[in-house]
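Colleague:
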Amino acid sequence: MSKKADKIKLGLAEFFDIPKDIILNLPRIIIIGQIQVYIENHQGIKEFRDDYVKIDLPQGFLEIKGKNLLLRNVYSDDLLLDGEINSINFIK
Numbered sequence: 065m066s067k068k069a070d071k072i073k074l075g076l077a078e079f080f081d082i083p084k085d086i087i088l089n090l091p092r093i094i095i096i097g098q099i100q101v102y103i104e105n106h107q108g109i110k111e112f113r114d115d116y117v118k119i120d121l122p123q124g125f126l127e128i129k130g131k132n133l134l135l136r137n138v139y140s141d142d143l144l145l146d147g148e149i150n151s152i153n154f155i156k
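Going by the working numbering, the first residue of the sequence shown is number 65, and it counts up by one from there.
1. For G108, which option in I96, L74, L143, G147 has the closest C-alpha, if you only look at C-alpha atoms?
2. Within the continuous beta strand (DSSP E) that includes L74, where are the two ends?
3. Please confirm whether Q98 and I149 have their CB atoms less than 7 Å apart.
4. Nearest to F125 by alpha carbon, out of A69, K71, N105, F79?
5. Do G147 and L135 have their CB atoms nearer than 7 Å?
6. Please return the same chain residues whose Cβ sits closer than 7 Å to the Cβ of F154, not counting the five positions on each side in sequence.
7. Looking at the strands, I want to know which residues DSSP matches up with R92.
8. On the DSSP letters alone, give me the boundaries of the beta strand (DSSP E) that D141 sits inside.
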């Protein structure tokens with residue numbers, strides 16, 4: 065989508081008080097300390113090991129590195145990851 069269209073959508077979101085993640089198709093990521101990550105609006109898991117997870121997002125990928133990583137819940141557009149989380153990195 066063009067930057068102009070994104071600007072228009074962002075303006076509409078602010079005017080109508082609509083959450084930006086919904087109107088711009090962005091992921092919602094909730095991090096609980098270094099032990100849990102909840103992700104909404106993902107597009108699938110590209111790679112999973114107990115020390116590394118790569119998740120497909122609408123605008124790129126999310127890499128999570130840690131220890132004893134475990135996918136607790138995986139649904140079509142949200143997931144819950146537990147473990148010792150050391151780093152989270154966005155990749156465009």
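Note that the Cβ used here is the ideal one computed from N, Cα and C, for glycine as well.
Modeller: Looking at the coordinates:
1. L143
2. L74 -> not in any beta strand (DSSP E); alpha helix (DSSP H) instead, spanning 67-80.
3. yes
4. N105
5. no
6. G124, L126
7. E104
8. It is not in any beta strand (DSSP E) - D141 carries neither H nor E in the DSSP assignment.
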